[in-house]
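Notes follow the structure.
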Amino acid sequence: MMRWKALISAALASASLPAVAMAEDGYALWMRYQPQAAIPGEVVRQPVSIVVPNATPTLTRAAEELRRGLSGYAAGPVATAPAVRAGSVMLAVAGDPAVASLHLPTRSLTDEGYLVRSVTIGGAPVTLVTGNSDRGVLYGAFALLRHLGTGGTLAKVDLTSTPKVKLRVLNHWDNLDGSVERGYAGQSIWDWWNLPDLKDPRYTDYARANASIGINGTVLNNVNAKADSLTAPYIAKAAALADIFRPWGIKVYLSARFSAPIEIGGLKTADPLDPQVAAWWKAKADEIYRAIPDFGGFLVKANSEGQPGPRDYHRSHADGANMLAAAVAPHKGIVMWRAFVYADTDPDDRAKQAYTEFKPLDGTFADNVLVQVKNGAIDFQPREPFHPLFGAMPKTPLVMEFQITKEYLGFASHLAYLGPLFQEVLDAPTGVKRGQTVADVVDGSAEGHRLTGMAGVANIGRDRDWTGSPFNQANWYVFGRMAWDPEADADTIAREWAAQTFTPDPAVVDPVVAMMMGSREAVVDYMTPLGLAHLMATGHHYGPGPWVSDLARPEWNPAYYHRADKQGIGFDRTRSGSNAVAQYAPPVAKRFADVGTVPERDLLWFHHVGWDRRMASGRTLWEEMVRHYDAGVGYVAGMRQQWDALRPRIDAERWEKTATLLAIQEREARWWRDASLAYWMSVNGRALPAGVRAPEHDLAWYKAQNFPRAPGHTG
Ligand code: GCV
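In terms of mature numbering (1 follows the signal peptide of the UniProt record, and there is no 0), the sequence shown is residues -21 to -1, 1 to 694.
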């Protein structure tokens, strides 16, 4: 049979197949490229061939990916060809003569944007994938595959996009011993022991996955860094990874331990103003760049949770950051300096400390320094109001740091799609200028910064499905897509993820997306409703521990955050309390400070209120809290039902795993609800509203639960 006929008959056959695929282990992520009607359809009447007139390592990877994707979708072979003919897909940079002669609007694509368009070349209808650099073309190839994987066809393709954020970076909290801090998907994917010799094929698949969603950087090691990662053997290991990632447009970065000059450099000090220290870092940077010419730069956690830093020498964070920035500047490297600082010696509200320390430093950082700020002022809680530093440091580029791994949202076992969390933060008005949002600060448009960034703490490990569950893959995916466009919509991204991960069939996509979109709110409801935060058990943060109040550092105790007593609950951050609200721009501060205008979802974050306070629903606060706990548990029960109904349409392996995890989630959601209610009742002395189910056990039982082996807790 002629090849094009084979293509069409395969497509027709696949179109009539039931939506069930074979058993799958999730390794392929959203890049499954399963047969579907979209490729030949009615339109492509010629066999597909891929043409790359002027290959580079990146264009070769892009072509190979397209070949893999198109032959998967079309269930037949797709060839590479030397010249275009009808039905070809051509990959070429905009400067390529064949593309330039088409006079396409490519200028606005800047460096990494793409244009994928149906054009005519030499009389032949061709799908052109172009950009101003080969990385742009690579992103275009993935955009085309996304288009096809979400039900699009090769007819009249017209896709164009330019990333709004320059540095789109994963942060791995991976330790050199293979453990992952706050990792719930197995050991680190980096086999440090066998690198640089053993190049696990997984590294390439990791790069493909990241490139497919626009991620262009990766910090390989934990921010709680060991100086060893800066020694020659580890630089060689990082260089081996950089070589694999480079053609996929991904740069390697390292977390730098500030005291490394002492630990591995033999110096007596790490004082950033000491010329010997600066010289040591400069030589170290030169050494790294000899091995990794496109090394991205350093990420630094300084003077936070026991890490060393410039404050040890009575220097500022800017002194520390600028010294490192000078070391990498000759190589065009950058420094991402974290603002996640708080100290037990500072009696002030923990939520205020980063702002207090960093805001006065605005304007003092070198041009190649970005300050990396967590999305909220405490620590990746199920919900936090946006961090007040966004909008408050106009002269400094601020990197948004999200946590993709779910340290505080049920680890890998709970289904919680983080798209709505990311979007809620990015969409938040800063109040600094009319209409300005956090996304405007992050993408630089607020102040005209060109060096911009978004970082996500990775949820990736050596588990076969990378992230511990099929649905956790969506959080990696949505991070990449929102880093590309911080104004993107969580629902739209969930749809495209679900279509590629399962099938574009709306009978699957609709219920899957419906499950996902409310899933994070459900976690908020059963863990920390109405603005509560940090009520998780000590250390590992697994399960409820609102009663904990005996830890040495006040801000490590859940009781510090909820402040519940017989009369009421919540942290007063208004003028009568810590006055953290004053760190926001006046219109936002005003809204949060007034108990009548603060959004109810943030009520107890900003206010201490009585249990009998009337809520918008007419219920008392206590009744409303109970309702939220029940709603959270009920949502999980609903997800289980929806997932059960999808059983005939999902491959057995991924269905089973998800069903089992949902059962765990329902059990744990009940545990959270019951333990929390038992504790609140012990504090407020109230009964449950009529008809509400009592906790299964007494408070003593919940307090006695102990999980010393909970995963992810490494120091
Ligand atoms: C890497 C939280 C986590 C720590 C983490 C820290 C940080 O406190 O519990 O594991 O350390 O944040 O972001 O630096």
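Heads up, the beta-carbon is just placed ideally off N, CA and C, and yes, glycines get one too.
Model, not experiment: these values are computed from the prediction.
Heavy atom of the ligand GCV within 7 Å of residue i beta-carbon
i: D323; result: no
i: R329; result: no
i: R114; result: no
i: S283; result: yes
i: E534; result: no
i: K280; result: yes
i: E466; result: no
i: V378; result: no
i: D358; result: yes
i: V615; result: no
i: R161; result: yes
i: E386; result: yes
i: Y152; result: According to the sequence shown, residue 152 is Trp rather than Tyr. Yes.
i: F319; result: yes
i: N201; result: yes
Residue i CB to nearest heavy atom of the ligand SAM below 7 Å
i: V404; result: The ligand SAM is not part of the structure shown, which contains the ligand GCV as its ligands.
Cβ shell of residue i (< 7 Å), same chain only, five flanking positions each side left out
i: D470; result: V492, M496
i: F359; result: K353, Q382, E386, Y387
i: E21; result: Low per-residue confidence applies at E21: pLDDT is 37, beneath 50, and the placement is therefore not dependable enough to give any value.
i: D179; result: D170
i: V231; result: T197, L199, A217, L220, A221, F224, I271, F274, G275
i: I357; result: R329, A330, E363, A512, H513
i: A501; result: G611, Y614, V615
i: A407; result: F365, T416, V417
i: G244; result: W259
Cβ neighbours of residue i in the same chain (closer than 6 Å, five flanking residues each side left out)
i: E602; result: P668
i: L174; result: K216, A219
i: K338; result: A371
i: V31; result: L38, A42, L70
i: Y163; result: F390, A391, G447, P690, G691
i: G510; result: D581, L582, L583, W584
i: H676; result: none
C-beta contact flag for residue i and residue j at 8 Å
i: G275; j: I313; result: yes
i: L83; j: A41; result: no
i: S392; j: L220; result: no
i: L117; j: V98; result: no
i: L303; j: W260; result: yes
i: residue 743; j: A73; result: Because the chain here runs from -21 to 694, residue 743 falls outside it and cannot be looked at.
i: L199; j: H151; result: yes
i: N195; j: G228; result: yes
i: G440; j: S661; result: no
i: G300; j: W316; result: Gly is not the amino acid found at residue 300; the sequence shown has Ala there. For A300 and W316, yes; Cβs fall inside 8 Å.
i: V378; j: A434; result: yes
i: L600; j: R606; result: no
i: L124; j: G193; result: no
i: F450; j: I629; result: no
i: F319; j: S295; result: no
i: I100; j: V57; result: no
Residue i - partner residues in DSSP beta bridges
i: P523; result: M515
i: R96; result: L107, D137
i: T409; result: Per DSSP, none; premise fails for T409.
i: N33; result: None, per the DSSP bridge assignment.
i: E380; result: K353, A434
i: F365; result: G355
i: S28; result: A58, S67
i: R147; result: M433
i: G589; result: G547
i: V348; result: V314
Close Cβ partners of residue i (< 8 Å) along its chain, the five nearest in sequence each way excluded
i: S557; result: D327, D328, A330, K331, F550, D551
i: R619; result: A638, L641, A642, E645
i: V560; result: R552, T553, R554, A568, F571, A572, F585
i: Y213; result: L155, W171, D207
i: H126; result: V95, V136, L138
At 3 residues or longer, what runs of the beta strand (DSSP E) sit wholly inside the segment 35 to 87?
The beta strand (DSSP E) runs lying completely inside the segment 35 to 87 and spanning 3 residues or more are 67 to 70, given in chain order.
Entirely within the segment 546 to 578 and at least 4 residues each: give me those alpha helix (DSSP H) ranges in chain order.
Uninterrupted alpha helix (DSSP H) stretches at least 4 residues long and entirely within the segment 546 to 578 occur at 565 to 572, given in chain order.
Secondary structure, alpha helix (DSSP H): runs of 4+ residues fully inside the segment 153 to 233:
Runs found: 180 to 191, 211 to 224.
Jot down the residue ranges of each uninterrupted alpha helix (DSSP H) in the segment 254 to 320, minimum 4 residues, whole runs only, in chain order.
Runs found: 254 to 270, 296 to 307.
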